[in-house]
Each structure stands twice: as C-alpha cells, then as structure tokens.
Ligand SMILES: [Zn+2]
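In my numbering, the protein residues as written are 161 to 393.
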C-alpha cells in the first residue's frame, strides 16, 4: 500500500473522529444545560408564592367583611334595642349604621376583587406547574435520547482510535509528524482528494502534469496552493 493511500485512510479515520468529538461536545453541553428547567422551576415557585399571597389576601378580606358585619349587628341592636330614647343619640346611631353599611359594601367589593385575584393566581399556578411538568418530560426524553447517542459515539470513537493505531503503526514517524503538523495547520485536513484535477480541500486547479503524478501515486505530491498531501482516489 502506498504511503499516500495509508495517509488518506488515516485522514478518513481522523475526520470521523473529529466529527464524533464535535458532536459529543454539543451533546455534553446540552446534557449539562438545565437553564430551561431552572427557569420553569423559578416560574412555578413565583406562581406558588403568588397563590399563597392571594389566598391570604382573600382570608383577610373575608375576615374584614365578617368583622364589619358584627359591628353593624351591634350598632343595629343598640338602635333597635329600645335602650336609647334620646332622638339625638338615635340619629347618631342611625348615621353610624349607615356609615358602617357603606364601608361594608366597600369591604365586600374588596373581597370580590380578592376572589378574582385568587382565580388569576390559581390559573397562573396551574399553568406554571403544567409547564414545569412539560419541560421536565421533554428534557427527560431529550436527555435519554442524547445519552444513547453519546454512548454510541463513544463506542465509535474507540473503534476509530483502534483503526488509527493500526494505520499509524505502518507509517514512518517523520511522515506521521508531517501529517499531524499539516492537520493542525489546515483545520484538521492534511490529505485532500483530487477530483477533476482540483484539490477538493481548497478548490484550486492542478496542472495536468501534477494531477497525473497524483494519480501515479508514486512519490508524495502536495497541493501548490494549500500545501496539503494530495490523494488521487
Ligand atoms: Zn489545496
């Protein structure tokens, strides 16, 4: 097997490993990313706190209405109890009752507002909890699927590594070093195939003579433009 063909095979294996590693990075980052879940949790906590406040506000509003009713009953029993005869006092009592009743209406209005606010808070709380359940379920499914893909990719990476070891064993050290250096300089691609007399990596055209010598696969030929090792296929 010519050294160029061996390098081409090494390049193929390394490119696959690069793809696997890039995908693994994305997967690990996605698996670690719990921003959606944290946001949903925060929303659910805020909604639950809002619900608690609304419940408390309604209890207080109800208590105020109740207390006001007691005040009215007391005032009315004084008014109609027969103990007060003085017309001025009776008039004052009547005014008190009227004033207490007016404020009772205000308090009842506030109670209705508190009930409406509680309904809104309940809706928000339900929506936030449903959202959190949905996010949790989605993440669970997504992460299960990603974990499966990650495991497959890790097995692929092991397989490619074994292939690499086998290929590297048949290459002279200086050639391997040259290949590695090119791979570093040329974004991972050290060996380029030649198609239609063109370097597939950088797209520049080759002279017919150069393309011919690539096809002969005798000595190693480099792309005059990008410097990569050319492989005739
Ligand atoms: Zn090139």
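Don't be surprised by glycine CBs; every beta carbon is placed ideally from N, CA and C.
| Check | Outcome |
| --- | --- |
| Span of the beta strand (DSSP E) around residue 354 | 351-355 |
| Test item: CB-CB of residue 361 and residue 352 under 7 Å | yes |
| Option nearest residue 129 by Cα separation, candidates 248, 235, 279 | Beyond the ends of the chain as shown, which are 161 and 393, falls residue 129; an answer cannot be given. |
| Distance between beta carbons of residue 200 and residue 291, contact taken as under 8 Å | 5 Å |
| Residue 371: CB within 6 Å of a non-hydrogen atom of ligand 1 | no |
| Nonlocal neighbours in the same chain, by C-beta distance under 8 Å from residue 429, ignoring five residues either side | The shown model of the chain, from 161 to 393, leaves out residue 429, and the question about it has no answer. |
| Among 254, 225, 221, 299, nearest to residue 237 - alpha-carbon criterion | 254 |
| Residue 340 vs residue 173 beta-carbon contact at 7 Å | no |
| Proximity test, residue 361 beta-carbon vs ligand 1 heavy atom, cut-off 6 Å | yes |
| Nonlocal neighbours in the same chain, by C-beta distance under 7 Å from residue 390, ignoring five residues either side | 352, 354, 359, 374, 381, 382, 383 |
| Backbone CA spacing between residue 289 and residue 298 [nearest angstrom] | 14 Å |
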